[in-house]
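Numbered per our numbering, the sequence shown spans residues 7 to 596.
We put the beta carbon where it would ideally sit given N, CA and C, even for glycine.
For clarity, every value in this text was computed on a predicted model and none was experimentally measured.
First the structure, in the form of structure tokens, and then the observations on it.
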Amino acid sequence: MSSLVGSEAKRSKVEQIKADSHFLRDPLRQELAQDTTHFSEAAVQVLKFHGAYQQDDRDLRQQRKQEGLERAYEMMLRTRIPGGHVPPQLYLTLDRLADEYGNGTLRATTRQTFQLHGILKKNLKATVASIVRQMGSTLAACGDVNRNVMAPVAPYKNRPAYRYAQEYARKLADLLAPKTSAYYELWVDGEAVPIPPVDPEVREAEQFVGNGVRLEGPEPLYGPVYLPRKFKTAIAVAGENTVDVYSQDLGLIVLTDRKGNLKGFNIVVGGGMGRTHGKAETQPLLAQKLCFAAPEAVYRVCQAILAVQRDHGNRYDRKQARLKYLVRDWGIRKFRRAVEEYVGEKLPRFRPLPKCIPNSDDYLGWHDQGDGRWFLGLSIENGRIQDTPERQLKTALRKIVEEFSLHLRLTPTQDVIFVDIEEGQREAINQILKSHGVLSKEEIPELVRLSMACPALPTCGLAITESERALPTLIRQLDQVLQELGLQDSPFLVRMTGCPNGCARPYLAELGLVGSAPDHYQIWLGASPQGDRLAQPFQDRVHISQIVPLMRVLLQLYKRERHPQERFGDYCHRVGIPYLQAQVQQLQQV
Ligand code: SRM
Ligand code: SF4
């Protein structure tokens, strides 16, 4: 096994902070007890592993600076919810905490978790403790570890592949979770809290040492300095890709036989979205085919993949530290050989996959679950669950959960579904939604339902420009153009982010809008609606007011030149970016 961190002198600052933290304790432990408004830089880095980010209200920054005040510090807290499954008691707790300590909203994320924003430092411990006491967790929701494991949400009881995806999302989340006891020490002072039981199969898999997979000490899989960078895992089912499996560090695709028995998993590695403007060596990359793994081998292979990244990922430059760059730089064959070495055997070949269906909003609205019960998918615009004068969405969801004790599932597209609904409950649920002004699937244009924006301003410290606050107006203007051109039956995936980090996976959208300067966006076109082809940059620094006029021209071209049934993303890919650039330039001059 190669050295964990290389020469001390060159390690990035965060590597030292992790090493000094004593398995995610210091200096967070000391600073949590202090009566201060915010944490030091070192504590902030450790805090991330516990699921929280230090932020400040960026709307107030300038004014407070002028008044000689410190920033308006507040914390964002992210939960860990494998497969997006939220039991009713946990939901009600989060709903209450959002009002008691947060900014009154819950934010469903693009990785099927919830975020609370606006928590003051002094209230952070009480907030985390409440979550933990409801068998929830925020551990490893952020930080250089395996993050929330994603899985498709549709609860079809008559399609076993979906059940396997959820089951293995939970199992892998447990297997790859940090094992330090710091979490319970810090947030509930070591109190005996109910902890969800870990599957015996996972406990057994944790014993696998391979050729250097597990290390001595309290963190056998991670070691004292954890991973070089965040690590993301998702499970898809063959034929659908709602989790955007090719954007993950580690992606698994469930394969079943004709009778629905689990055959195993195709495994892909090295996907990721994040990039930095002007730095060509940073780029979105699609995950590549690694191997097939039978159910009994999948734990070993996943642990070995993580261990290869742990030992060989870049610990000097955090902008090159994701697994995707290791796979890019080594090539998939060398990476596969390394995994084989850790596992101690040759990896079986990747199996052929059926053609994938386009990502759509098919799980929204009412659906038969296949066991006589129903599920209901609700479109949550940009994941923000809140009450507004027109719509009391937060209150409506709370009432539904309170009244019917329903379980929720968060989708990879920031939406929410209620599962296991009895026929006799449907009418009352519809009534609650209606009386609180919550729109049904049919009342929201498909373009809006399919779109996503990241939070950006005012909470995100990395935002260059607006996203969640800008998209609602923009997307309705775009929808208007679709209507005017008679293209309302040809909606496409629109995703917006306030910076190039790619939190709403814009490089896998048919139209990606990526903040490049205040009120300006880079336009990316041509990803496949199945999430297996990246978009390409089309124009840089387009002012927000120019996006809709530009799209009108592109959509006119699309209408004129598309093949029957051709999606907008596929059209842009077929004709190519240079062609579109030339056409738009010509048409704009007329
Ligand atoms: Fe993200 C950082 C929000 C999914 C790539 N992301 C951030 C931070 C924490 C900003 C920060 O570091 O200070 C954002 C907090 C904003 C806020 O105010 O809430 C943030 N990311 C989000 C969420 C909430 C966006 C959303 O609209 O839902 C998503 C939370 C997911 C979750 O529940 O775990 C979120 N972030 C993603 C995704 C999509 C995904 O994982 O499927 C990506 C692209 C995939 C990837 O990782 O390659 C993503 N976020 C990043 C990056 C760039 C990473 C990179 O490799 O370069 C950063 C910045 C960083 O890590 O340095 C970042
Ligand atoms: Fe913040 Fe950028 Fe992520 Fe948006 S994409 S939440 S602006 S880091």
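Checklist line | From GLU567, ARG573, HIS569, PRO584, residue whose alpha carbon lies closest to that of GLN542 | finding: Proximity to GLN542 across GLU567, ARG573, HIS569, PRO584 peaks at PRO584, based on C-alpha coordinates.
Check: Under a Cβ-count criterion, where at least 16 other Cβ atoms within 10 Å of its own Cβ denotes burial, should GLN60 be classed as buried or exposed?
Finding: By the neighbour-count rule (16 or more Cβ atoms within 10 Å), GLN60 is buried.
Check: Would you report the Cα separation of ALA434 and GLN95, rounded to the nearest angstrom?
Finding: Spanning the alpha carbons of ALA434 and GLN95 requires a straight line of approximately 20 Å.
Checklist line | Unbroken stretches of the alpha helix (DSSP H), 4 residues or longer, contained in the stretch 348-431 | finding: Runs of the alpha helix (DSSP H) inside the stretch 348-431: 399-410.
Notebook entry, point to check: DSSP three-state call for GLN594: helix, strand or coil?
Noted result: When DSSP states are grouped into helix, strand and coil, GLN594 belongs to the helix group.
Check: Say the cut is 6 Å; is the CB of ALA541 nearer than that to a heavy atom of the ligand SF4?
Finding: No, Cβ of ALA541 sits at least 6 Å from all heavy atoms of the ligand SF4.
Check: How is the beta strand (DSSP E) around VAL520 delimited, first residue to last?
Finding: VAL520 -> beta strand (DSSP E) spans 517-523.
Next item on the list: Report the rounded CA-to-CA distance for LYS238 versus ASN320, giving the unit in angstroms.
Entry: The alpha-carbon of LYS238 is positioned some 16 Å away from that of ASN320.
Next item on the list: Mind checking who CYS650 pairs with in its DSSP beta bridge?
Entry: No answer is possible for residue 650: the residues shown for the chain start at 7 and end at 596.
Margin query: Taking the alpha helix (DSSP H) that ASP255 belongs to, which residues open and close that run?
Written below: Neither: ASP255 is in no alpha helix (DSSP H) and is coded neither H nor E.
Margin query: For ASN388, count the other beta carbons within 10 Å of its own beta carbon; 16 or more makes it buried, fewer makes it exposed. Which is it?
Written below: Classification for ASN388: buried.
Checklist line | Reduced DSSP category for THR29 - H, G, I as helix; E, B as strand; rest coil | finding: The identity of residue 29 in the sequence shown is Phe, whereas the question assumes Thr. Under the three-state reduction of DSSP, PHE29 is assigned to coil, being neither helix nor strand.
Check: What are the start and end residues of the alpha helix (DSSP H) that includes TYR305?
Finding: Note, TYR305: alpha helix (DSSP H), 304-318.
Note to self: Less than 7 Å between the beta carbons of TYR348 and GLY223, yes or no?
What the structure shows: Against a cut-off of 7 Å, the Cβ pair of GLY223 and TYR348 comes out as no contact.
Notebook entry, point to check: Where does ALA515 land, buried or exposed, given buried means 16+ other C-beta within 10 angstroms?
Noted result: Under this definition ALA515 is a buried residue.
Check: Does DSSP classify HIS56 as helix, strand or coil?
Finding: Assigned with DSSP and collapsed to three states, HIS56 falls in coil, not helix or strand.
Next item on the list: Could you name the residues that DSSP lists as bridge partners for TYR527?
Entry: In DSSP, TYR527 forms a bridge with GLY521, VAL548.
Notebook entry, point to check: When the Cα atoms are used, what is the spatial distance from THR119 to MET156?
Noted result: So the two alpha carbons sit approximately 9 Å from each other.
Note to self: Short of 8 Å in beta carbon distance, which residues of its chain neighbour LYS285, apart from the five on each side in sequence? Order them along the chain.
What the structure shows: Taken in chain order, the residues that qualify are LYS325.
Notebook entry, point to check: Can the beta-carbon of ARG281 be found less than 7 Å from the beta-carbon of GLN294?
Noted result: Result no, Cβ atoms of ARG281 and GLN294 do not sit closer than 7 Å.
Next item on the list: Using the Cα positions of GLY518 and GLY508, report the straight-line distance between them to the nearest angstrom.
Entry: Each residue's alpha carbon lies about 10 Å from the other.
Checklist line | Contact set for LEU593: own chain, Cβ-Cβ below 6 Å, skip 5 residues either direction | finding: The residues VAL559, in chain order, have a CB closer than 6 Å to that of LEU593 in the same chain once the five nearest residues on each side in sequence are set aside.
Next item on the list: Look at the alpha carbon of GLU448 and the alpha carbon of ALA402, and state the distance between them as a whole number of angstroms.
Entry: If you draw a straight line from the Cα of GLU448 to the Cα of ALA402, it comes to about 18 Å.
Note to self: Excluding the 5 residues flanking ILE23 on each side, which residues of the same chain have their C-beta closer than 6 Å to its C-beta?
What the structure shows: Counting only Cβ-Cβ distances below 6 Å, and skipping sequence neighbours, we find ALA48, GLN51.
Check: Counting only runs that start and end within the stretch 171-245, where is the alpha helix (DSSP H) found for 4 or more residues in a row?
Finding: Whole alpha helix (DSSP H) segments, 4+ residues: 188-194, 206-211.
Next item on the list: Could you tell me the distance, in whole angstroms, from the CA atom of GLY89 to the CA atom of LEU531?
Entry: The alpha-carbon separation between GLY89 and LEU531 amounts to approximately 29 Å.
Check: By a C-beta neighbour count over all protein chains shown, 10 Å radius and 16 as the cutoff for buried, is GLN309 buried or exposed?
Finding: So GLN309 counts as buried.
Note to self: Does the beta-carbon of ARG77, which I'm using as the reference point, lie nearer than 6 Å to any heavy atom of the ligand SRM?
What the structure shows: Short note on ARG77: C-beta not closer than 6 Å to any heavy atom of the ligand SRM.
Next item on the list: Pick out the complete alpha helix (DSSP H) segments inside the stretch 126-159, 4 residues or longer, and give them in chain order.
Entry: You should have 127-139.
Notebook entry, point to check: Alpha carbon to alpha carbon, what distance is there between LYS361 and ILE423?
Noted result: ILE423 and LYS361: Cα-Cα distance of roughly 26 Å.
Notebook entry, point to check: Can you list, in chain order, the stretches of the alpha helix (DSSP H) that have 4 or more residues and sit fully within the stretch 86-133?
Noted result: Secondary structure in the stretch 86-133: the alpha helix (DSSP H) runs of 4 residues or longer, each lying completely within the stretch, are 94-106 in chain order.
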